[in-house]
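Student: Protein chains in written order, with my numbering: chain A, 302 to 718; chain B, 430 to 606; chain C, 78 to 397. First the structure, then my questions, so here it is.
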Amino acid sequence: MKLFSKERPEIPIVHHTKEDGSAWTIKEKLWLGLSVAEYKKQFFRNPVNWFMLMIFAIGIPLILGRYAFGLGWVTHASNDYPWGLFLGFGLFGMVPLSASGFMLGTTVELFGRKDFHSIERLALLNGLLGYFFAVLFLEVDLGMPWRLPYPMFVSLGPAAVLFLVAWHVATYLSVQIAEVLPAFFEWIGWLKGKRIIRKYVLGLTVAGIILSTLHQGALGALFTYAPAKVHPLWVSSNFQWIHFFVSSIFGGLSMVIIASTLIKNYMGWRCDDDFKNNLDYVTIGMAKGASLAMITYLVVKLVAVAHDQEWTYLLTGWGSYYMLELGVAVVLPMFMFAFGVRNNWVTLIRFGAFIAAIGIIWNRLNTALVCFNWQMYQEIPHWKEVWITVTIYALYFLTYRFIVYRLPIVYEWKGER
Amino acid sequence: MLRRKTIMRTALALTTGAILFAPGQLLSMEAEDAPETVTIDSLASLYEPVEFNHLMHVDYASCAECHHHTTGVKVADPNCIRCHANTPEGDDVTCVGCHEADRFGKKYLAELDNPVLYHIDKPGLKGAYHLNCIGCHQIIDGPTGCTDCHAMTEAGEKRFNTGEYAPKGGAVSESHH
Amino acid sequence: MKKLNRRSFIKGGLATTAAAMVVKEKTSAASGDFDNYPEGMGVIVDLTRCVGCRSCEAACNKEQDLPEPAVPFDDFSVFDHMHHGEKRRTDETAYTVVNRYDTPEIDHPLFRKIQCNHCNEPACLTSCFVNAYTKTPEGAVIYNAKVCVGCRTCMVACPFYIPTFKYSSAFTPRIMKCIFCYDTRLKNGQPPACVEACPQEALTFGRRKDVLKIGKQRIRETPGKYVDHIYGEHEVGGTAWMYLSSVPFDKVGFDTHVPKEPIINSVKEFLAMVPMVLTIWPGLFVGFHLLATRKDKVKEMEKEAELKKAKENDEKEEQV
Chain A
302 MKLFSKERPE IPIVHHTKED GSAWTIKEKL WLGLSVAEYK KQFFRNPVNW FMLMIFAIGI
362 PLILGRYAFG LGWVTHASND YPWGLFLGFG LFGMVPLSAS GFMLGTTVEL FGRKDFHSIE
422 RLALLNGLLG YFFAVLFLEV DLGMPWRLPY PMFVSLGPAA VLFLVAWHVA TYLSVQIAEV
482 LPAFFEWIGW LKGKRIIRKY VLGLTVAGII LSTLHQGALG ALFTYAPAKV HPLWVSSNFQ
542 WIHFFVSSIF GGLSMVIIAS TLIKNYMGWR CDDDFKNNLD YVTIGMAKGA SLAMITYLVV
602 KLVAVAHDQE WTYLLTGWGS YYMLELGVAV VLPMFMFAFG VRNNWVTLIR FGAFIAAIGI
662 IWNRLNTALV CFNWQMYQEI PHWKEVWITV TIYALYFLTY RFIVYRLPIV YEWKGER
Chain B
430 MLRRKTIMRT ALALTTGAIL FAPGQLLSME AEDAPETVTI DSLASLYEPV EFNHLMHVDY
490 ASCAECHHHT TGVKVADPNC IRCHANTPEG DDVTCVGCHE ADRFGKKYLA ELDNPVLYHI
550 DKPGLKGAYH LNCIGCHQII DGPTGCTDCH AMTEAGEKRF NTGEYAPKGG AVSESHH
Chain C
78 MKKLNRRSFI KGGLATTAAA MVVKEKTSAA SGDFDNYPEG MGVIVDLTRC VGCRSCEAAC
138 NKEQDLPEPA VPFDDFSVFD HMHHGEKRRT DETAYTVVNR YDTPEIDHPL FRKIQCNHCN
198 EPACLTSCFV NAYTKTPEGA VIYNAKVCVG CRTCMVACPF YIPTFKYSSA FTPRIMKCIF
258 CYDTRLKNGQ PPACVEACPQ EALTFGRRKD VLKIGKQRIR ETPGKYVDHI YGEHEVGGTA
318 WMYLSSVPFD KVGFDTHVPK EPIINSVKEF LAMVPMVLTI WPGLFVGFHL LATRKDKVKE
378 MEKEAELKKA KENDEKEEQV
């Protein structure tokens with residue numbers, strides 16, 4: 302795309318009309334203004350796509366196999382570890398990394414920080430896609446995926462934490478669709494739709510905060526159902542939901558920093574000057590927010606250890622692992638953020654964000670898999686399970702890229718808005 | 430189980446005289462009065478009936494060890510002595526006389542409503558047999574395996590998936606991963 | 078995921094709020110004095126009586142129509158079978174299993190039967206978001222496969238590792254778990270198949286309160302035989318199936334670290350917070366919004382005022 306965008310002035314598409322005054326059709330917009338041959342050429346020139354195809358070549362048959370032969374065919378089918386990578390990574394890991402939508406929505410729309418406007422749409426999209434794919438992961442993991450609407454409409458168990466998660470993720474997903482729709486409406490040129498949504502932005506944003514607070518916390522609260530199974534350092538009946546909620550704040554922010562870094566470096570043709578010029582500034586701003594969330598998180602973690610009288614656990618091997626997790630996944634990136642903010646060292650922040658995001662995944666995998674059944678053996682996921690997880694993540698990556706290539710996420714629509 | 434009431438009644442009559450001449454003694458039966466073998470078959474379904482050699486067991490244990498206080502012999506258990514120190518021999522010394530074959534039936538559940546009932550924990554017939562036999566066999570190294578005392582019937586083989594009904598295919602995959 | 082238009086979104090929001098209220102009601106009921114079912118049935122398992130004959134396993138297999146076992150039920154080599162360093166556990170082919178424990182305290186092995194303990198306040202039930210579990214007045218915790226989604230939260234929540242999943246099935250997977258023979262026996266006042274099959278009467282069936290009394294009587298009247306504890310009397314809020322043992326319970330595979338309260342109690346902190354967030358957040362954040370954008374508004378108003386003044390001035394100047 303970089304090459305094409307240099308050669309042809311009308312690409313990338315940022316306007317309803319071509320240079321000669323005729324309108325782009327939706328089909329043309331979908332093909333990025335390229336001919337099919339050109340599109341193919343640019344697609345296969347990219348080594349990333351070859352890598353993706355390799356993953357899909359094995360991953361898609363595996364997914365089909367999962368639906369044909371059951372979960373036992375792709376996972377270790379463990380009764381001791383009912384939740385494996387699909388949920389440990391896909392649900393518990395993806396959801397906190399998608400907290401970006403409500404974070405920046407709140408910053409821009411509620412707190413009126415218009416200076417973060419250039420990153421808002423990316424953050425909203427990051428949130429929407431993260432949730433959507435978390436649900437997709439869930440659909441791979443559920444024993445009866447066709448019964449997904451059951452907790453909503455067929456048989457309700459409202460006293461369960463998962464009931465809250467289901468309802469909130471579902472409604473929040475719709476809120477996020479509504480929040481991302483304006484970009485889509487601009488792109489297809491249906492401005493009325495955009496105006497309608499514009500009216501409800503405040504309501505949607507507030508709904509976003511409520512739903513996010515609750516279900517991010519609820520994902521943590523799910524583990525309080527297993528107080529005797531999860532290692533005491535990783536579960537706290539009083540603070541678990543706060544741990545999950547607060548860590549989702551810096552998780553979501555870190556994920557937006559990562560996404561924006563990748564987009565800036567590998568999709569420069571798609572960004573407009575506003576996005577590019579503002580990026581360092583908003584990155585520093587987000588790092589500031591993230592480091593504040595991190596210090597809060599560390600304090601609440603400490604309070605939880607003190608409250609539950611778990612000091613002696615810190616002296617065991619598990620305690621060392623716990624300190625290692627906190628040190629590498631939180632303290633280290635926190636200092637990287639703080640140092641980066643103070644010295645305007647954006648590259649350091651970006652590395653820090655990468656570590657923090659991996660750190661969130663690590664924490665969730667620790668809670669769901671490593672420190673779960675800590676007095677028992679350790680379950681190692683089946684290779685097929687790992688491959689399917691990677692496949693769905695690759696699909697997430699492709700969808701993400703597909704949308705950013707097209708919709709006005711990191712650029713402003715030049716046509717009528 | 431063989432009903433031995435008649436035999437016991439006869440035994441009772443025979444011993445009455447002796448007891449009259451020894452009023453200080455507790456009323457008690459003599460082991461020799463018991464039958465040589467008892468066929469225990471009332472519960473047989475998964476296993477064949479047991480041919481119980483009563484005569485042989487008389488050498489190993491006192492009457493009270495199996496028959497509690499019913500034979501009139503003084504029991505050793507301090508708990509039982511509290512009430513049964515002077516209980517005379519009973520009309521019925523059979524197991525089934527006290528231990529119900531229908532262990533957890535409606536009658537039992539109703540009985541437990543009685544607030545002053547002491548014997549709330551009386552084993553059923555099957556429990557009485559096995560607890561008594563195996564309990565002792567474990568101590569004196571007697572046979573304790575199921576088929577040491579009673580062979581399995583076809584119904585039993587079916588129930589236990591063994592013998593004729595053993596799982597086919599030999600090495601079945603170990604319990605799933 | 079379903080795509081919602083705005084109206085259904087609002088409906089959804091309402092339902093969520095309503096749901097949160099239900100959550101609260103339920104919580105306060107559970108936190109107080111949920112009486113359970115006083116006439117519920119129970120079983121007391123006496124480890125000192127069990128001889129490991131596996132009759133209960135065989136009976137369960139036939140009663141519940143479970144798959145043919147890998148090895149015959151009179152094959153005792155299964156007691157040596159270890160999987161990931163763990164003894165046998167329930168799985169989709171067995172609702173109950175017996176394990177052997179060799180303890181230094183006594184010269185002969187002890188055997189422990191495991192099955193669903195049928196908690197008074199079951200974690201599987203309280204964690205299920207489709208209400209697939211029911212605690213019946215008879216004491217059984219039963220499961221409805223027709224509404225189950227297969228999320229396996231019940232398996233995570235069960236402190237005894239009892240519910241298992243039929244991972245082998247692609248189209249009709251379900252939770253597989255002991256149901257106290259509810260459908261076929263308990264409902265009619267009969268004991269479950271395992272109890273009936275036990276030759277040693279290691280399993281004593283009756284109303285929970287009665288078998289508890291029986292257990293206590295055994296401890297009291299045979300001093301030294303049992304440890305002075307009935308596992309399940311208070312564990313996780315009490316279970317319908319309880320255990321007596323002659324050695325400390327942690328020596329025979331019991332988790333003695335399970336909480337004494339129902340599992341749901343450790344989730345309450347979060348559940349109690351839900352209605353608060355739902356009611357306070359909207360006002361709080363709209364307030365923040367108004368505060369945060371106040372300066373802009375003030376500026377806007379000032380600007381307007383200035384413009385007005387300028388206009389007036391202009392007009393005045395014109396007039397002059």
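Positions of the beta carbon are idealized from the N, C-alpha and C atoms, including for glycine. All values reported here derive from a predicted model rather than from experimental measurement.
Quick one: give me the first and last residue of the beta strand (DSSP E) that ASP123 (chain C) is part of.
Tutor: Element bounds for ASP123 (chain C): 118-123.
Student: For a contact meaning CB atoms closer than 7 angstroms, what does ALA467 (chain A) contact in chain C?
Tutor: Result: PHE206.
Student: Can you list, in chain order, the residues of its chain with a C-beta nearer than 8 angstroms to that of PHE728 (chain A)? Leave out the 5 residues immediately preceding and following it.
Tutor: The structure shown has nothing for residue 728 (chain A), since chain A only spans 302 to 718.
Student: Could you tell me which of A:HIS516, A:THR692, A:LEU580 and A:SER419 sits nearest to LEU544 (chain A), measuring between CA atoms?
Tutor: Residue 544 (chain A) is actually His in this sequence, not Leu. Of the candidates A:HIS516, A:THR692, A:LEU580 and A:SER419, the one whose C-alpha sits nearest the C-alpha of HIS544 (chain A) is A:HIS516.
Student: Going along chain C, which residues have a C-beta under 8 angstroms from MET445 (chain A)?
Tutor: Residues of chain C passing the Cβ test: CYS225, VAL226, GLY227 and PRO250.
Student: Which of the three DSSP states, helix, strand or coil, is assigned to TRP332 (chain A)?
Tutor: In the structure shown, TRP332 (chain A) sits in coil (DSSP, three-state: anything other than H, G, I, E or B).
Student: DSSP on ASN221 (chain C), reduced to helix/strand/coil?
Tutor: Three-state DSSP puts ASN221 (chain C) in coil, outside helix and strand.
Student: Would you mind telling me which residues of chain C sit closer than 9 angstroms to ASP381 (chain A), beta carbon to beta carbon, in chain order?
Tutor: HIS161, GLU163, ARG166, MET232 and TYR238, listed in chain order.
Student: Can you give me the C-alpha to C-alpha distance between MET350 (chain C) and LEU699 (chain A), rounded to a whole angstrom?
Tutor: Roughly 38 angstroms separates the two Cα atoms.
Student: What residues from the segment 559-570 of chain B come within 8 angstroms of chain C, judged by C-beta to C-beta, listed N to C?
Tutor: Those residues of the segment 559-570 of chain B that come within reach of chain C (Cβ to Cβ, closer than 8 angstroms) are HIS559, LEU560, ILE563 and GLN567.
Student: What are the partner residues of GLY494 (chain A), as DSSP defines its beta bridges?
Tutor: Answer by DSSP bridge pairing: none, since GLY494 (chain A) is not bridged.
Student: Alpha carbon to alpha carbon, what distance is there between ASP184 (chain C) and SER281 (chain A)?
Tutor: The structure shown does not extend to residue 281 (chain A), since chain A is modelled only from 302 to 718, so the question has no answer here.
Student: Label LEU304 (chain A) either buried or exposed according to how many other C-beta atoms from any shown protein chain fall within 10 Å of its C-beta, with 16 as the threshold for buried.
Tutor: The residue in question, LEU304 (chain A), is exposed, as its Cβ has fewer than 16 Cβ neighbours within 10 Å.
Student: Kindly indicate which three-state DSSP category LYS212 (chain C) falls into: helix, strand or coil?
Tutor: Three-state DSSP puts LYS212 (chain C) in a strand.
Student: Just to check my reading of the structure: CYS193 (chain C) and LYS254 (chain C) have Cβ atoms closer than 8 angstroms, yes? What is that Cβ distance to the nearest angstrom?
Tutor: Indeed, because the Cβ distance is near 6 angstroms, the residues count as touching under 8 angstroms.
Student: Classify HIS469 (chain A): buried if its beta carbon has 16 or more other beta carbons within 10 angstroms, exposed otherwise.
Tutor: With 16 or more other Cβ atoms within 10 Å, it is buried.
Student: What are the residues of the segment 280-312 of chain C that lie near chain A, defined by any Cβ-Cβ distance shorter than 8 angstroms?
Tutor: Against chain A - using a Cβ distance shorter than 8 angstroms - the segment 280-312 of chain C contributes no residues.
Student: Please list, in chain order, all residues of the same chain as ILE758 (chain A) whose beta carbon is under 7 angstroms from its beta carbon, the five residues on each side excluded.
Tutor: Outside the displayed range of chain A (302 to 718) lies residue 758 (chain A), so it cannot be described from this structure.
Student: Take every Cβ of the segment 242-256 of chain C, pair it with every Cβ of the segment 334-352 of chain C, and state whether three or more of those distances are shorter than 8 angstroms.
Tutor: These segments do not touch.
Student: For GLY519 (chain B), which residues from the same chain have a beta carbon less than 6 angstroms from its beta carbon, with the 5 sequence-adjacent residues on both sides left out?
Tutor: Only THR499 meet the Cβ criterion.
Student: Please confirm if VAL122 (chain C) has its CB atom under 8 angstroms from at least one CB of chain B.
Tutor: With 8 angstroms as the cut-off, VAL122 (chain C) does not count as an interface residue toward chain B.
Student: Flag this pair as yes or no: are the beta carbons of ALA279 (chain C) and VAL122 (chain C) separated by less than 8 angstroms?
Tutor: In contact: ALA279 (chain C) and VAL122 (chain C) (Cβ atoms closer than 8 angstroms).
Student: Using CA coordinates, which residue listed in B:ASN543, B:ALA580 and B:ALA530 is at the minimum distance from TYR558 (chain B)?
Tutor: Nearest of B:ASN543, B:ALA580 and B:ALA530 to TYR558 (chain B), Cα basis: B:ALA530.
Student: Taking Cβ-Cβ distances shorter than 8 angstroms, what residues in chain E pair up with CYS524 (chain B)?
Tutor: No chain E is part of this structure, whose protein chains are labelled A, B and C.
Student: Report the neighbours of GLY438 (chain C) on chain B: residues whose CB is nearer than 8 angstroms to its CB, in chain order.
Tutor: No answer is possible for residue 438 (chain C): the residues shown for chain C start at 78 and end at 397.
Student: From the DSSP output, read off the bridge partner residues of TRP542 (chain A).
Tutor: Answer is none; TRP542 (chain A) lacks a bridge partner.
Student: Is TYR303 (chain C) near PHE331 (chain C), with beta carbons less than 8 angstroms apart?
Tutor: It is not a contact, given that the beta carbons lie outside the stated cut-off.
Student: GLY283 (chain C) lies in the beta strand (DSSP E); which residues open and close that run?
Tutor: Start and end: 280-284.
Student: Please name the residue in B:GLU540, B:ALA584, B:ASP521 and B:ASN482 whose C-alpha comes closest to that of HIS497 (chain B).
Tutor: Of B:GLU540, B:ALA584, B:ASP521 and B:ASN482, the residue nearest in Cα terms is B:ASP521.
Student: By DSSP's criteria, LYS190 (chain C) is part of a beta bridge. Which residues make up the other side?
Tutor: LYS190 (chain C) pairs with C:VAL175.
Student: Could you work out which residue in C:ILE219, C:PRO181 and C:ALA209 is closest to HIS195 (chain C) when comparing CA atoms only?
Tutor: It is C:ILE219 whose Cα lies nearest to the Cα of HIS195 (chain C).
Student: Within 10 angstroms of the Cβ of LYS212 (chain C), are there 16 or more other Cβ atoms? Answer buried if so, exposed if not.
Tutor: Classification for LYS212 (chain C): buried.
Student: For GLU134 (chain C) and chain A, any beta-carbon pair shorter than 8 angstroms?
Tutor: Closer than 8 angstroms: no.
Student: Which partner residues does TRP318 (chain C) have in the DSSP bridge list?
Tutor: In DSSP, TRP318 (chain C) forms a bridge with C:VAL120.
Student: Go ahead and label SER561 (chain A) buried or exposed: buried means 16 or more other beta carbons lie within 10 angstroms of its beta carbon, across all protein chains shown.
Tutor: With 16 or more Cβ atoms within 10 Å of its Cβ, SER561 (chain A) is classed as buried.
Student: DSSP on ILE307 (chain C), reduced to helix/strand/coil?
Tutor: Coil at ILE307 (chain C), not helix or strand.
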